[in-house]
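Trainee:
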Amino acid sequence: MTMTTAEADTILADNFAPWVLALGLSVTSLGPDRAVLRLPWSGALAREGGGLSGQALMAAADTATVIAVASARGAYGPMTTVQQSTSFQRAVTDSDVLIEAVLTKLGRRMAFADITMTAERTGELAARASTVYALLG
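The opening residue of the sequence shown carries number 187 in the working numbering; numbering runs sequentially from there.
1) Nearest to residue 225 by CA position, among 255, 312, 275, is which residue?
2) Do residue 320 and residue 265 come within 8 Å of each other at the CB atom, strictly closer than that value?
3) Looking at residue 284 and the ligand ADP, is the gap between the Cβ and the nearest heavy atom below 7 Å?
4) Between the beta-carbon of residue 272 and the beta-carbon of residue 247, is there less than 8 Å?
5) Residue 222 lies in the beta strand (DSSP E); which residues open and close that run?
6) Report the start-end ranges of each beta strand (DSSP E) in the region 247 to 315 that is 3 residues or longer and not cut off at the edges.
7) Inspect the beta-carbon positions of residue 296 and residue 270 and report whether they are closer than 8 Å.
8) Residue 216 and residue 257 - do their beta-carbons sit closer together than 8 Å?
9) Please report how far the alpha carbon of residue 263 lies from the alpha carbon of residue 253, in whole angstroms.
10) So who's on the other strand from residue 215, going by DSSP bridges?
11) Put residue 238 into one of helix, strand or coil per three-state DSSP.
12) State buried or exposed for residue 203, treating a residue as buried only when at least 16 other CB atoms are found within 10 Å of its CB.
13) From what residue to what residue does the alpha helix (DSSP H) around residue 322 run?
14) In three-state terms, what does DSSP make of residue 232?
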């Protein structure tokens with residue numbers, strides 16, 4: 187059974203470092219193989235020129251994967267990033283970003299996900315990522 191967004195937000199609050207929490211991520215929807223998080227626009231996360239920093243987007247993609255795995259498993263368990271690859275397609279300026287992590291394979295010890303990052307204001311794809319996680323518990 188899929189968890190609620192409130193339960194997923196509690197996983198964020200209880201299990202992530204303060205600097206990740208400072209991104210202001212919130213869970214907007216969950217499914218049996220996916221999670222959508224919102225990364226709110228913040229000038230504090232912008233680079234020179236006003237584009238949202240790649241580091242913030244990569245951290246959001248990584249975090250969304252954890253929530254997608256927890257949703258698929260019905261609960262949070264210890265896991266760690268093994269690999270992440272990100273391709274940036276366009277700058278995001280003055281817009282929240284929707285981060286959708288979709289699990290492509292969930293095994294007993296490994297999870298694989300594809301992540302899209304879309305500027306909410308324009309609907310344009312800003313970046314794509316893929317992640318591989320080791321499931322430790």
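For each residue, glycine too, the CB sits at the ideal point set by N, CA and C.
Mentor: Reading from the atomic positions:
1) Position 39 of the sequence shown holds residue 225. Residue 225 has its Cα closest to that of 312, out of 255, 312, 275.
2) Reading the sequence shown from its first residue, position 79 is the one you call residue 265. Reading the sequence shown from its first residue, position 134 is the one you call residue 320. Going by C-beta atoms, residue 265 is nearer than 8 Å to residue 320.
3) Questions concerning the ligand ADP fall outside what the structure shown contains, since it holds no ligand whatsoever.
4) Residue 272 sits at position 86 when you count from the first residue of the sequence shown. Residue 247 sits at position 61 when you count from the first residue of the sequence shown. Yes, Cβ-Cβ distance for residue 272 and residue 247 is below 8 Å.
5) For this step, residue 222 is matched to residue 36 along the sequence shown. From DSSP, the beta strand (DSSP E) with residue 222 extends over 220 to 225.
6) 265 to 274, 283 to 292, 296 to 305
7) Within the sequence shown, numbered from 1, the residue matching residue 296 stands at position 110. Within the sequence shown, numbered from 1, the residue matching residue 270 stands at position 84. No.
8) Residue 257 sits at position 71 when you count from the first residue of the sequence shown. Residue 216 sits at position 30 when you count from the first residue of the sequence shown. Going by C-beta atoms, residue 257 is nearer than 8 Å to residue 216.
9) Sequence index remark: in the sequence shown, residue 263 carries index 77 (1-based). Sequence index remark: in the sequence shown, residue 253 carries index 67 (1-based). Rounded to the nearest angstrom, the two C-alpha atoms are 10 Å apart.
10) For the purposes of this step, residue 215 is identified with residue 29 of the sequence shown, where counting begins at 1. DSSP lists 222 as partners of residue 215.
11) Translated into the one-based positions of the sequence shown, residue 238 becomes position 52. In the structure shown, residue 238 sits in a strand (DSSP, three-state: E or B).
12) Against the sequence shown, residue 203 aligns to sequence position 17. Flag for residue 203 reads exposed.
13) Counting from one through the sequence shown, the residue named residue 322 turns up at place 136. First-last for residue 322: undefined, no H or E at that position.
14) Counting from 1 along the sequence shown, the entry for residue 232 is found at position 46. Residue 232: strand per DSSP, three-state reduction.
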